[in-house]
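J.: The structure follows.
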Amino acid sequence: MDLQRRLLPSMSMLTAFEAAARTGSFTAAAAELSLTQGAVSRQIKALEDQIGTPLFVRKGQRVTLTPTGALYADPIRDALRQIAAATVRTIAAPKGGVLNLAILPTFGTRWLVPRLPAFQAAHPQVTIHFTTKLAPFDFRLHDLDAAIHYGFGDWPDAVCDHLLDEEVLPVCAPAFLTAHPVAEPADLLALPLLHTSTRADAWTEWLSAQGLAPRPGAGMVFEQFATTAQAAEAGLGVALLPTLLVRGELDDGTLVPAMDRPHRSTRAYYLVHPRGKANHPPFAAFRQWLLTEARGDQLAG
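Now the structure itself:
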């Protein structure tokens, strides 16, 4: 540990180096850091002396990174970014109760957020910072503690807790169904089908489960379920939507089943976290609460 401390450059050296590496100029770095150009130059010279190798090639007013400097710059920039993020979290929640969570947008707004008041009442010390992510990512490259993911429980180098299965149902506006009666699954092939890009194969799976081949071509495609649901409400066609995300519309009648043929997907919703985060107190509290909520919802469904 003493050796590590001796090798650890000062923060002033590192911030001067990062600014100069990014701007390509000691003068620009000095202006950004509210220092003199000479002060930046001295900090970088001290860093080079400590490391034992040049980090920049000086050419008049411009500087360029040496190959060693270029290799050094990215991890230093990432480390400074992590320090800044940790500081923001501490300012936002001085007791250290911050959970950085990636969510799927429609699942977050329609299933998770309405339940959060109960979690906040039970754990007022925890502050949740939300980030929207539609696809899996590398936890090592993002300042996130956990993610809610749809797919299979196979996220690399992570623990996957099963939350909810997904059951999809073809739905449409009541007026649309009146104008386009559906007696059997094959009748849907003559109607405009609405698609969601994150479930590109959903209609193929549903039609296959009914013994039908998918119709050539595609109807309207939307990025998120919320927009697909709005399109169905507007009478643009039949949408294949997860029942857990459109319960409100089904209950109030703004959407109705085009056919009462629900189909359970082979994928599901998971809470995913790196193995090292399991004992992070805000995450541990959220995980226990979320798994309980999901079990209750699945049983109720």
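Following the UniProt record's numbering, the numbering of the sequence shown begins with 1 at its first residue and continues without gaps. By construction, the Cβ of each residue, glycine as well, lies at the ideal position given by its N, Cα and C atoms.
#1: Under 8 Å Cβ to Cβ from residue 302, same chain only, skipping five residues before and after it: list those, please.
#2: Let me check one thing: in DSSP terms, what residues is A239 bridge-paired to?
#3: Can you grab the Cα-Cα spacing for the pair D251 / N100, in whole Å?
#4: How would you write the range of the beta strand (DSSP E) that P136 sits in, first residue to last?
#5: Near E32, which residues of its chain fall below 8 Å by C-beta distance, leaving aside the five closest residues on each side in sequence?
#6: Per DSSP, what kind of secondary structure is E184 in: helix, strand or coil?
#7: Quick check on V246: does DSSP put it in helix, strand or coil?
#8: Can we say the region 131–147 touches the region 98–116, given the rule of at least three CB pairs closer than 8 Å?
#9: What's the call for D56, buried or exposed, on a 16-neighbour Cβ count within 10 Å?
#10: Using 7 Å as the cut-off, classify the Cβ of T254 as near or not near the heavy atoms of the ligand SAH, replying yes or no.
#11: Tell me whether G151 sits in a helix, a strand or coil according to DSSP, three-state version.
#12: Starting from the C-beta of A16, find all residues in its chain whose C-beta is less than 7 Å away, skip the five residues before and the five after it, and write them out in chain order.
#13: Reducing DSSP to helix, strand and coil, say where P282 ends up.
#14: Would you mind sorting I83 into buried or exposed? The rule is 16 or more other CB atoms within 10 Å of its CB.
#15: Kindly provide the ranges of any alpha helix (DSSP H) runs that are 4 or more residues long and lie completely inside the region 34–121, ordered along the chain.
#16: Which residue marks the beginning of the beta strand (DSSP E) containing R22, and which one marks its end?
#17: Taking L245 as the reference, which of A79, H195, T131 and R110 has the closest Cα?
#18: Identify every residue that forms a DSSP beta bridge with R264.
#19: To the nearest whole angstrom, what separates the beta carbons of L241 and L169, a pair I think is in contact under 8 Å?
#20: In angstroms with no decimal places, state the Cα-to-Cα distance between Q37 and S25.
#21: Per DSSP, P274 forms a beta bridge with which residues?
#22: DSSP three-state label for A202, please.
#23: In whole angstroms, what is the alpha-carbon distance linking M1 and S10?
#24: Measure the alpha-carbon distance for G219 versus T87 and round it to whole angstroms.
#25: Give me, in chain order, the residues of the same chain whose beta-carbon lies closer than 7 Å to that of F152; leave out the 5 immediate sequence neighbours on both sides.
#26: Compare the C-alpha of Q210 against each of P181, R247, D260 and Q288 and name the closest.
T.: The answer reads as follows:
#1: Only positions 1 to 301 of the chain appear in the structure, and residue 302 is not among them; the question remains open.
#2: Partner residues in the beta bridge of A239, as assigned by DSSP, are V171 and L194.
#3: So the alpha carbons of these two residues sit roughly 33 Å apart.
#4: According to the DSSP assignment, P136 belongs to no beta strand (DSSP E), since it is labelled neither H nor E.
#5: Counting only Cβ-Cβ distances below 8 Å, and skipping sequence neighbours, we find A19 and T23.
#6: Correct three-state label for E184: coil.
#7: DSSP places V246 in coil when its eight states are reduced to three.
#8: Output reads yes: the region 98–116 touches the region 131–147.
#9: The amino acid occupying residue 56 in the given sequence is Phe; Asp does not appear at that position. When all chains shown are included, F56 counts as buried.
#10: No copy of the ligand SAH occurs in the structure displayed, which carries no ligand at all.
#11: In the three-state reduction of the DSSP assignment, G151 falls in the strand class, which pools E and B.
#12: The answer, listed in chain order, is A29, L33, V40, Q43 and I44.
#13: It is helical.
#14: By the 10 Å Cβ count, I83 comes out exposed.
#15: Within the region 34–121, the runs of alpha helix (DSSP H) at least 4 residues long that lie entirely inside it are, in chain order, 37–51 and 67–92.
#16: Run containing R22: none in the beta strand (DSSP E); it sits in the alpha helix (DSSP H), M11 to T23.
#17: The residue with the shortest Cα to Cα distance from L245 is R110.
#18: In DSSP, R264 forms a bridge with E167.
#19: About 7 Å; that satisfies the 8 Å criterion.
#20: Q37 and S25 have their C-alpha atoms roughly 9 Å apart.
#21: DSSP output for P274 lists A158 as bridge partner(s).
#22: Shown here, A202 sits in a helix according to DSSP, grouped into three states.
#23: Confidence is the limiting factor: at M1 the pLDDT is only 44, short of 50, which leaves the residue's position unreliable, though a coordinate-based value still follows. For M1 and S10, the distance between alpha carbons rounds to 16 Å.
#24: Their Cα atoms are separated by approximately 48 Å.
#25: In chain order, R267 place their CB closer than 7 Å to the CB of F152, counting only its own chain and leaving out the 5 sequence neighbours on each side.
#26: Out of P181, R247, D260 and Q288, D260 has the C-alpha closest to the C-alpha of Q210.
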